[in-house]
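First residue of the sequence shown? That's 21 in my numbering, and the numbers climb one at a time after it. For every residue, glycine included, the Cβ atom is placed at its ideal position computed from N, Cα and C. Bear in mind that the values here come from a model prediction, so they are computed numbers and not experimental data.
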Amino acid sequence: MSDNLPACPQCGGEYTYEMDALMVCPECGHEWAPADVGAAAAGGGERVVKDSVGNVLNDGDTVTVVKALKVKGSASGIKAGTKVRNIRLVDGVDGHDIDCRIEGFGAMQLKSSVVKKA
């Protein structure tokens, strides 16, 4: 039955099945579109992270925060225009894909949608 269906790209499980336009893995619960896996394999699987205006970001870049951000546990947040040096791209939680150290705040993660390449 699952001889002609692809294995799960997340856990490698072989018991995948189709549900509407998606493929589903019952072992880990991962859902994906078969076209997404083909596009990732064709493109080398490398993820491209873009800033708020569409510039491609790389590890070690310097970025500028484009809007004021609230920070939990801090009376003042991060002001718009704050420069962040030497970023690192990560697979973060809830879209936080930049790992960095901000002067006066310490280590934190930012979303690429709130920064602009400097």
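Where DSSP assigns a beta bridge to residue i, which residues make up the other side?
i	result
Val83	Val104 and Lys137
Gly70	The amino acid at residue 70 is misidentified as Gly; the sequence shows Lys. Answer is Val76.
Glu51	Val44
Leu109	Ile118
When the Cα atoms are used, what is the spatial distance from residue i to residue j?
i	j	result
Trp52	Arg67	16 Å
Ala138	Asp81	8 Å
Cys28	Val104	37 Å
Gly32	Asp111	20 Å
Ile122	Pro54	39 Å
His50	Val76	28 Å
Ala127	Val91	12 Å
Val134	Gln30	29 Å
Glu47	Asp40	19 Å
Asn24	Phe125	52 Å
Val113	Gly93	19 Å
Below 6 Å CB to CB, which residues in the same chain sit around residue i once its five sequence neighbours on both sides are set aside?
i	result
Arg108	Asp79 and Asp119
Leu130	Ile118
Cys45	Cys28, Gly33 and Thr36
Apart from the five residues on each side of it in sequence, which residues of its chain come closer than 7 Å, Cβ to Cβ, to residue i?
i	result
Lys136	Asp71, Ser72, Val73, Val83, Thr84 and Val86
Ser132	Val69, Lys70, Asp71, Leu77, Asp117 and Ile118
Gly97	Ala88, Leu89, Lys90 and Val91
Please list the terminal residues of the continuous beta strand (DSSP E) segment that includes residue i.
i	result
Leu42	Leu42 to Val44
Asp119	Ile118 to Ile122
Leu130	Gly126 to Leu130
Tyr37	Tyr37 to Met39
Who are the near neighbours of residue i in its chain, counting only those whose CB is closer than 8 Å to its CB and skipping five residues on each side?
i	result
Pro26	Thr36, Met43, Pro54 and Val57
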